[in-house]
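> For the sequence shown, our numbering assigns the number 240 to the last residue and increments by one with no breaks. Provided herewith is a single structure, encoded as structure tokens, for subsequent inquiry.
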Amino acid sequence: MRDYVVRGVYPDSNGNESAIVMDLAAAQHALARYGHVDRILLKVPETPSLEDWQQRLRAVLPAGVEIRPQGTGTNENRRMLAAFRWNLRLLSYISLIVGAFLIYNTISVSVVRRRPRLESCAPSALARA
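As structure tokens, this is what we get:
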């Protein structure tokens with residue numbers, strides 16, 4: 112355990128504390144990742160537009176650094192989740208069809224097995240009438 116100076120906290124949309132603000136050199140030292148930064152979260156004013164901010168930042172940042180709006184990774188996750196739901200729905204329909212087929216066959220077999228019993232009972236029932 113170590114103590115660090117936290118300069119601020121950014122809550123996420125659910126009100127949880129999702130990001131902290133601290134010195135970049137201290138963060139690299141704490142994570143033992145010198146010269147490497149995974150991501151930097153920037154909160155920019157609404158004016159100028161987000162595209163203008165991205166152009167300004169691209170001009171200042173070195174080559175190989177990409178700027179992505181927050182949530183672009185979640186779009187990929189949403190597509191994968193949608194594909195998973197589609198597959199799940201398709202497989203559930205297939206299982207319903209297979210289940211209905213099994214029930215139909217079970218009922219057909221039980222009717223075929225009972226049919227000789229009913230035919231043997233029918234002549235005696237006719238003789239009484």
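Glycine included, every Cβ here is placed at the ideal spot set by N, Cα and C.
Pick from Glu187, Leu153, Ala136: whose alpha carbon is nearest that of Gly146?
Ala136
> Among residues of its own chain, excluding the 5 on either side of Val132, which ones have a beta-carbon nearer than 8 Å to its beta-carbon?
Val117, Arg118, Gly119, Val120, Tyr121
> Distance check for Ala211 and Arg224, CA to CA, integer angstroms please.
20 Å
> Secondary structure at Ser221, three-state DSSP: helix, strand or coil?
Three-state result, Ser221: helix.
> From Glu177 to Arg144, what does the alpha carbon distance come to, in whole angstroms?
19 Å
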